[in-house]
Amino acid sequence: MLAGNWAKLASFVALLPSLAVAFPSSRDFNLDSSSLFTRDYIQPDVDNSKEHPFSPSPKPDSSRWPQGLHFAVDYYPSQWPEFLWEDDAAKMANATLSYARISEFDWAILEPTDGNYDWSLLDRSIEALHSQGVKVILGTPTATPPIWAVKDYDILGADAQGRQRRFGSRRHYSTSSSDFRKLSKRFVEAMAKRYGSHEAVIAWQIDNELGCHSTVRTYDQNARKRYQGWLADKYNNNITLYNQMEGRVFWSSTYQSFDQIDLPMLEVTESSPAGRLDFYHFSSDMTIEYAKDQVNTIRKYSDKAITTNFMGAFLDFDHFKLARETGLDLATWDSYPLGNAEQFAWMSDTNKIKYGRTGTPDFQALHHDLYRGVAGAAYNKTSGPFGIMEQQPGPVNWAPFNPSPKIGMVRLWQHETFAHGGSMSNIFRWREVPFAQEQMHTAMLRRDNVPDHAYLEQQQVVNEDLPKMVSLFKFGSDNQKRNVADNAPVQTKTEDQAEVALVFHYAAQWLMEAEPQSGTWDVDMGGFSDPSMQYFPLVFNWYTALRRLGLNIDVVGPTTKLDGYKMVVVPSMPVISKEFVETWSDYKGLTVFGPRSASKVAALSIPDGLPPSNGPVRDVLPMMVTRVETIKEGFGDMISYAGQQYNVSGWVEWIECERDGKNSSVWIDQSATYYGYRNGTPATCGNKDGDKETHYVSAYTPVELLVSYLGDLAGKADVKTLFDETPQGSKTDLGADLRYRRNGNALWAFNYGPDEIELPAAPQGAKLLLGGENGKIGPTGVAVWSLE
């Protein structure tokens, strides 16, 4: 028997030189796995862990937030002489600014010493605004704990090198600190008691930019203690189970009890990827617990809307889960198109220059759709109310470079918010502050009180654009200009469901961070620098491709029901979550998965039998991923599809489009093959199983390939473009700069490019209301049609 096995092995080795040209699949070897290779050692794909439990929160209520298009501004009375307040409020009201967000950084003023409150400044500033008809979005100032809290309590966080964060800027607290949670809850309760039913308060913002400055993951002793308890709960207080699930037999890194486990930091070389992944999940849960404390406290005293301001491309905690667990009434986010275009290393230098004064065409749109979906998660729907809490007005102070926007871009960004269903555009800030960290950050007014570009462009939207769009709005009997901003549009709304859903999964980002298969291990940061494929850029490419096809897209979480969508795209979901299994198993339609999907199980392990993992994806898509590569640009690897070749780099998988005797190739996938290296081998797989059709893309692909491939699949799924046409691959491509969005019976077009663009023919019966004269749209241009 042994001699026979050695003979088989020798024949296998003899075949190795042919791999360079033939690339045979595993089936070509005809190996008897029961004799030559035993599988007894393989850990089964069993997940015996459990989710972190959250207590119930009050349910959200969309009626708490007024419908309509609301203009707002961020205002800081504590930074200005009191004699300016009422005059500022009058000017805000005259500019149709319905709301002012205030007080989100005022903790030291409002609680100057431990347990002693002074509400006098906040009382007077609210009254000054209210006297002019401006209502208040009241921020809980817990992002800025005062010096007495630092001196007398154990609240500070620590970075990945264990260095304690210090007082002097903001966000220096640890969400794992019991002291901080107690102080935060005590302050929020006092604030909510005083202002919870105040007629001037329209909404609450909890904290400010949760997790900004890399503060979700904190490496202090309070976090260590809570992490140990979190792990004990997850692994049923069974240290043997923990060691097995995390593969701790590797490098003798097993533990004997949970209180021995440290945070994943300052290890000699790469720490356990499963351990880091657990820590990322834990850190997200601590952020959500902290947010729940505030929401639950406010809700005892106030029936006003509650939100928090999320950020762009910020992935350290699960926003869908936060909205769902806290019951947020609406979601808001801080939109800084130029700062975001500049700050991310994955954005190409070419695009940083081309879009340096406009922002990239799809970054803002993706986040509008994302946070509309995050808001929907609170209501168990595909979408919910959302808006902008901070809109970039001009140069900021915090990016590597801080250029001015092109004239007209603030106007375009406001229109784009409303086109995606947003109900508020809040410009940061009212007046430039002449001191401290943000003194070079522009605002609606200059330091000398002269209106700046953001003010002028916001006034153009209010006084010139919206009156031309009057047919889309309903009016009351009061001042007409005021009603345009404050009354609900007849058709524009968030409830319309698109035909295409993109599933966004925060846990996919954490897994790719924990195990990128590329980059350089950095012990100081406790992770890998410069990985070849990151989750957000991957999602961004897929979303951009869909937008270039002229489609509306809903961005949803893994728990969102998929009923009614003709096409679902999942750019990546390495671990198919239990919640997604429930929603997707019932889905009847076309799904496209991207690379690394269904590639891991349990804590972070390769599935038994190779990916995709055992479950619904493997059941309907017979295929295997047999090897992965991470490669530099310039290797020459290409994918050939529909007569074109496209360079691929970063992440490439070797796939076989059959499994257990079943073939998964359908016609649209048979033409997508690797070109050059591994010439002719499949780059995609697809299979139809009853009412469910499933496809898989095996590489980190350029947008242009996705436009062609997803365009063909969208046509196959009977998806219609915004022009009521069937997509035809790359023939439907709108190009790099022109974008459309439909909201109800209104259709918007936006030009992010440097040149005038000829517009495609509008849908039949469309009535042009704004822009688009002579069938063209200029740089920074906006066009609006009524489709009634």
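For reference, each letter of the sequence shown is one residue, going -22 to -1, 1 to 766 in mature numbering (1 follows the signal peptide of the UniProt record, and there is no 0). Idealized CB from N, CA, C, for every residue including glycine. Bear in mind the structure is a predicted one, so any value in this text is a computation, not a measurement.
Remark: C-beta atoms of Y619 and S686 approach each other more closely than 8 Å.
In the three-state reduction of the DSSP assignment, S313 falls in the strand class, which pools E and B. In the structure shown, N721 falls within a strand segment according to DSSP collapsed to helix, strand and coil. Taken through DSSP and simplified to helix, strand or coil, V227 comes out as coil. Residue state for P757 is assigned as coil, using DSSP reduced to three classes. Contact between V112 and A78 holds, since their C-beta atoms are separated by about 5 Å, short of 8 Å. For A301, the enclosing alpha helix (DSSP H) begins and ends at 297 to 304. Taking one beta carbon from each stretch, the segment 175 to 194 and the segment 283 to 303 have 3 or more pairs nearer than 8 Å; the two touch. According to the DSSP secondary-structure assignment, R79 is paired through a beta bridge with D52, I115.
The count of Cβ pairs closer than 8 Å, one atom from the segment 534 to 550 and one from the segment 564 to 575, reaches three, so the stretches are in contact. Rounded to whole angstroms, the separation of the alpha carbons of E320 and D327 is 9 Å. Taking 3 residues as the shortest admissible run, the segment 554 to 593 contains the following complete beta strand (DSSP E) segments, listed from N- to C-terminal end: 568 to 571. Listed in chain order, the alpha helix (DSSP H) runs fully inside the segment 658 to 729 are 681 to 694, counting runs of at least 4 residues. Around the beta-carbon of D638, fewer than 16 other beta-carbon atoms lie within 10 Å, marking it exposed. By the Cβ-count criterion, D669 is exposed, with fewer than 16 other Cβ atoms from all chains shown falling within 10 Å of its own Cβ. Counted as a single uninterrupted DSSP element, the alpha helix (DSSP H) harbouring M264 occupies residues 251 to 277. In its chain, beyond the 5 residues on either side, D240, L241 have a beta carbon closer than 7 Å to the beta carbon of R202. If you check the CB distance, Y268 and T153 come in under 8 Å.
Between the C-alpha atoms of N729 and I385 there is a straight-line separation of about 13 Å. DSSP, reduced to helix, strand and coil, places G362 outside both helices and strands of the structure shown, so it counts as coil. Under the three-state reduction of DSSP, G505 is assigned to strand. For I217, the secondary structure class from DSSP, reduced to helix, strand or coil, is helix. The Cβ atoms of T310 and F260 do not sit closer than 8 Å to each other.
A residue is called buried once 16 or more other Cβ atoms fall within 10 Å of its Cβ, and W43 is buried on that count. Under the DSSP assignment, W63 falls in the alpha helix (DSSP H) whose first and last residues are 63 to 72. For T522 against K539, the beta-carbon gap comes to about 26 Å, at or over 8 Å, which does not count as contact. The Cβ atoms of Y213 and G140 lie no closer than 8 Å to each other.
As the crow flies, the alpha-carbon of R596 is around 25 Å from that of E491. Under a 10 Å Cβ-count criterion, I125 is classified as exposed, with fewer than 16 other Cβ atoms of the shown protein chains found around its own Cβ.
Cβ contact annotation for D500 (same chain, cutoff 6 Å, sequence separation greater than five): S507, in chain order. For D294, there is no enclosing beta strand (DSSP E), as DSSP gives it neither H nor E. Contact between L725 and L700 holds, with the beta-carbon distance rounding to 6 Å and staying under 8 Å.
Taking E394 as reference, the option from G337, R574, Y357 with the minimal CA-CA separation is G337. The residues P509, S510, T608, in chain order, have a CB closer than 6 Å to that of S496 in the same chain once the five nearest residues on each side in sequence are set aside. Assignment of Y653 by DSSP, reduced to helix, strand and coil, places it in the strand class. When the alpha-carbon of S643 is set against those of I633, N665, D347, A661, the nearest one is in N665.
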